[in-house]
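As structure tokens, the structure follows; a few thoughts come after it.
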Amino acid sequence: MMSAVALVPACKRDAPPAPAAQSMPSQSAPAAPASAAAVAGHHASPPWFDGSVDQAFARARTDGSLVFLYWGAAWCPPCNELKAQVFNKPIFAEMVRGFVPVYLDGDTVDAQRLAETFAISAYPTIVILDPDKQELLRLGGSLDAGEVERALGSVRSKGQSFRAAMGRLESKTPTADDCNVLAHTAWELFPEDQWPLSKVMTSLRSAVDACPAKLMRERALLASTLVGLASIHRNDANVSVIVKQVAANVQTRLDLILASEETAWAARAFVNNRASDVAEWIEGKNPSSSTAGWKARWLEAAAWIRARKEASVDNRLSTFLPMLDFELQANPDKPISEATRTTIVAAVERADAEAKTQAERHAVVSTAAYMLRRVGHADRAKTMLLAEAERSNTPFYYYSSLAAQEQALGHMDEARTWTRKARESATGRATRLQWITHDVQLNAKPNNPEERRYVLALADEFYALATSIDDGFVGRNRLRATQIRKTLDSLQGDDVKELLARHKAACEKLGPSAKAACQKHFE
């Protein structure tokens, strides 16, 4: 799943709010369990541990094992890419031998509280922990089976950990195993209070410089994470100093990334998804012939990735994003060229035909529809999304993709319709809270009493669910609740006060920790 579909309610981002009006949602909807079909479909058969998280750690203590904790959701495209590329591979059972592998779905009972205990939020995240629940390693989703196996190998057989690797990095003596661990660490998924962005970027820069030159793959991956973060946060005043320092030798970092087929493959998430950010960071709005060289090398790297036998369907499709991004960045006021349009359409058609399994289609279809829309084929994109929604176990994700497309095209009434349909079809406790929130955000600035009643009814539905479960105000659910409260605070009025007071009273029926989190929200 490429990161460019910023309007879709994806694993890490939310749709931006916009004014709207829709038919009234149901009042005080009861809590619903996670969709059995969705969760069961995403949860692979053994080797996953059949028991609770606490039971998994008890088993780890008894066996002297480590815990492989995977945090994901059935609807999340990067989660499904990880499932297709790692978990569904026959080698996975062997990879996790010596671990207790746990799949924690974000919609299962108490999942958000458990995730908060381990400081994880974004889907997907893999955390390796010892029996005492001390974190050894944190991995993200842009990995293949071989990369996961190498990362696990260091932790399992050599007692390696991120903390130990950081200690040796700070002493400027990182080992090859340290560099492997640091390269595959999901730096962007660390809790911000412990790892502010400036610390992350400074550590990444140190790792790129300290790791031995012969470790080209590891250094390329470290450099891609560093340059990717710098390009995304190029206008963030809080990290302006480190961003300028990275910019001073960005070409050297790009040389590491684009050096060979192996380095490009290691950095494939960056190559496929960060072309636009890096181009705007380096060139601004004025591309010139003097900077054409690195773009040509970038496109060559994308072609290398496309040709890899281990490349997934989504990997291959996403390699066409850089050519599209570079053309639109260089010619923002011109229609896309016919050659590029033809190439993109052919790539989408090929990916649509090649994606056979449910996991592959979850990973690919939103990318494909997004690319079709960007080259002027919004109708074809809509047809693809509608067809996928009909056969998917998580149709609400595709309805949200349709809403994002209509919003991007300026069709707000259609966007509201699809957002409402997405909310109404969402299943699973955390998922429902997330999709209710998206509907609220799209309607956050009501223009008349009817629109205002609609927003308040949505908030009522949100709080009825959140106050009926013990993790309604922790983890990702806390973020959704904060977004709801922000919207309500902007509306003000006696009707808002009554709604908040009524649901605050419902906190009393929760257990002690859940009650405290609930009451804190309503302060």
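Per the numbering used here: the sequence shown = residues -7 to 515. The beta carbon of each residue, even a glycine, is placed where N, CA and C say it ideally should be. As the structure is a prediction and not an experimental result, all values here were calculated from the model.
Span separating the alpha-carbon of residue i from that of residue j
| i | j | result |
| --- | --- | --- |
| HIS495 | ALA215 | 48 Å |
| ARG424 | ARG472 | 10 Å |
| SER252 | GLY43 | 44 Å |
| SER310 | ARG266 | 11 Å |
| GLU254 | ALA449 | 53 Å |
| THR244 | VAL238 | 10 Å |
| ALA168 | GLU416 | 51 Å |
| ALA134 | LYS478 | The amino acid at residue 134 is misidentified as Ala; the sequence shows Ser. Near 33 Å, if we compare the C-alpha coordinates of LYS478 and SER134. |
| GLU210 | ALA261 | 14 Å |
| GLU302 | GLY220 | 23 Å |
| THR409 | GLU398 | 10 Å |
| LEU394 | ARG51 | 44 Å |
| VAL59 | GLY151 | 14 Å |
| ASP124 | TRP40 | 20 Å |
| VAL263 | VAL356 | 17 Å |
| THR411 | TYR446 | 13 Å |
| ILE297 | GLU127 | 32 Å |
| SER347 | TRP257 | It should be pointed out that residue 347 corresponds to Ala in this sequence rather than to Ser. So the two alpha carbons sit approximately 21 Å from each other. |
Range of the contiguous alpha helix (DSSP H) that encloses residue i
| i | result |
| --- | --- |
| LEU364 | 350 to 366 |
| TRP410 | 404 to 417 |
| ASP463 | It is not in any alpha helix (DSSP H) - ASP463 carries neither H nor E in the DSSP assignment. |
| LYS496 | 486 to 497 |
| THR335 | 330 to 346 |
| PHE514 | Where PHE514 is concerned, there is no enclosing alpha helix (DSSP H), given that its DSSP letter is neither H nor E. |
| GLU382 | 370 to 383 |
| THR244 | 242 to 249 |
| ASN265 | 260 to 265 |
| GLY285 | 284 to 299 |
| VAL447 | 441 to 458 |
| PHE318 | 313 to 322 |
| ALA85 | 83 to 87 |
Which of helix, strand or coil DSSP assigns to residue i
| i | result |
| --- | --- |
| TRP533 | Any answer about residue 533 is impossible in this case: the structure gives the chain only from -7 up to 515. |
| MET428 | Residue identity check: residue 428 is Ile in the sequence provided, not Met. Three-state result, ILE428: helix. |
| ARG468 | helix |
| ALA199 | helix |
| GLU398 | helix |
| ASN435 | coil |
| CYS171 | helix |
| ASP136 | coil |
| THR54 | helix |
| ASN307 | helix |
| ASP46 | helix |
| LEU207 | coil |
| CYS71 | helix |
| PHE182 | coil |
| LEU502 | coil |
| GLN112 | Before going further, note that residue 112 is Ile rather than Gln in the sequence given. Coil, per DSSP. |
| LYS164 | coil |
| THR474 | helix |
| ALA508 | helix |
| ASP481 | helix |
| ARG148 | helix |
| ARG155 | helix |
| PRO387 | helix |
Where the beta strand (DSSP E) through residue i begins and ends
| i | result |
| --- | --- |
| TYR62 | 58 to 64 |
Exposure label - residue i; buried when at least 16 CB within 10 Å
| i | result |
| --- | --- |
| VAL233 | exposed |
| THR459 | buried |
| GLN47 | exposed |
| PRO387 | buried |
| ALA436 | buried |
| LYS277 | exposed |
| LEU61 | buried |
| ALA497 | exposed |
| SER505 | exposed |
| SER146 | buried |
| ASP306 | buried |
| THR375 | exposed |
| ARG383 | exposed |
| GLY467 | buried |
| LYS413 | buried |
| LYS287 | buried |
| ASN172 | buried |
| GLN186 | exposed |
Residues that DSSP places opposite residue i in a beta bridge
| i | result |
| --- | --- |
| ARG130 | VAL119 |
| TYR95 | TYR62 |
| THR177 | LEU131 |
Closer than 7 Å: residue i CB and nearest the ligand NAD heavy atom
| i | result |
| --- | --- |
| CYS510 | The model depicted lacks the ligand NAD and carries no ligand whatsoever. |
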